[in-house]
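Take a look at the structure set out below.
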Amino acid sequence: MKLLFLGDVVGRSGRDAVSERLPGIIDRYGFDFVVVNGENASHGRGLTESHFNGIRDAGADIVTLGDHAFDQRETLIYIERETTLLRPINMAPGTPGRGAMFVESRNGFRVLVINALGRVFMGPIDDPFRAVEAAIAACPLGEQADAIIVDFHTEATSEIQGMGHFLDGRATLVVGTHTHIPTSDHRILKGGTALMADAGMCGDFDSVIGVEADEPVNRFLTGMALGRFTPAEGEATLCGIAVETDPRTGLAARISPVRIGGSLSQAFPEF
Numbered sequence: 005m006k007l008l009f010l011g012d013v014v015g016r017s018g019r020d021a022v023s024e025r026l027p028g029i030i031d032r033y034g035f036d037f038v039v040v041n042g043e044n045a046s047h048g049r050g051l052t053e054s055h056f057n058g059i060r061d062a063g064a065d066i067v068t069l070g071d072h073a074f075d076q077r078e079t080l081i082y083i084e085r086e087t088t089l090l091r092p093i094n095m096a097p098g099t100p101g102r103g104a105m106f107v108e109s110r111n112g113f114r115v116l117v118i119n120a121l122g123r124v125f126m127g128p129i130d131d132p133f134r135a136v137e138a139a140i141a142a143c144p145l146g147e148q149a150d151a152i153i154v155d156f157h158t159e160a161t162s163e164i165q166g167m168g169h170f171l172d173g174r175a176t177l178v179v180g181t182h183t184h185i186p187t188s189d190h191r192i193l194k195g196g197t198a199l200m201a202d203a204g205m206c207g208d209f210d211s212v213i214g215v216e217a218d219e220p221v222n223r224f225l226t227g228m229a230l231g232r233f234t235p236a237e238g239e240a241t242l243c244g245i246a247v248e249t250d251p252r253t254g255l256a257a258r259i260s261p262v263r264i265g266g267s268l269s270q271a272f273p274e275f
């Protein structure tokens, strides 16, 4: 099967790029399952219900979140009824929503998607490694699941690489989100798990990780805030990763980074 993962959608620019480009990408390349991280889609912080619906309407089967999961207060309510919206699995017990979901793709494949939050350089959070391991143990690859995708939302590339090796041979794809900077380390590990330290963002790269540069630069120079961060609204680049699985095992057979449109555009892989 063919899997597509898109990194953090940032603001209006990112939302528009997903809405305009994703349906055509799915049709052209025949992706069976699509995951999009939407935690910065609404004004750069969190995800409103209307913006969630827009990402789903564009073709996302699952939308994941991260450390800004509940910056939009309405998310606390609608996440309870939206089974295709995931917040990090290792948030405190009792947190609204769910961190993993087992769903059927548009072509009948069974896919487990897990969203987890890192601990290195992040706020206090439960152990992501044990939480993800428990979810996979309940729905193993090659038995219940035809594919397993882990969105690990973390600051440190070392932590996402650690998760990849921890799950090597037990997950199809382990991909990092959060930093908004696409890494060039995409590869298939020895056990067959595809790994990329950060998928990058779906947003305007003529910016500082998706926001207009003036205020971040001011804070670096002065240590003081003169205003709010404002999402950049130039042409967005869709960034992510594409994976084709081995039908016998559910592990990765081919992997390629995705950069479409905007300043980082490159030829899309002929999957």
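If you count by my numbering, then the sequence shown holds residues 5 to 275, one letter each, in order. Glycine included, every Cβ here is placed at the ideal spot set by N, Cα and C.
Rounded to the nearest whole angstrom, the CA to CA distance from Val179 to Asp189 is 11 Å. Leu145 and Arg16 have their alpha carbons spaced roughly 36 Å apart. About 22 Å separates the beta carbon of Leu255 from that of Thr161, a gap too long to meet the 8 Å contact definition. Here the stretch 49 to 61 does not lie against the stretch 240 to 247, with fewer than 3 beta-carbon pairs under 8 Å apart. About 13 Å separates the CB atoms of Ile66 and Val13; that is not less than 8 Å, and the two are not in contact.
For Phe156, the closest alpha carbon among the candidates Glu84, Gly48 and Leu69 is that of Leu69.
Arg174 and Asn94 have their C-alpha atoms some 19 Å from each other. Looking from the CA of Asp208, the closest CA among Ile264, Asp150, Pro27 and Thr79 belongs to Ile264. In the three-state DSSP reduction, Thr161 falls in the helix class (H, G or I).
Ranking Phe133, Thr181, Leu116 and Ala201 by CA distance to the CA of Thr187 puts Ala201 first. With 16 or more other CB atoms across the displayed protein chains lying within 10 angstroms of its CB, Ala151 is buried.
The count of Cβ pairs closer than 8 Å, one atom from the stretch 123 to 137 and one from the stretch 25 to 39, stays below three, leaving the stretches out of contact. Glu108 sits in a strand when the DSSP states are folded into three classes. Lys194 is bridged by DSSP to nothing; it lacks a bridge partner. The three-state secondary structure of Met167, taken from DSSP, is helix. By the C-beta density criterion, Met205 is buried, having at least 16 other C-beta atoms within 10 angstroms.
The alpha-carbon of Val117 is positioned some 5 Å away from that of Met105.
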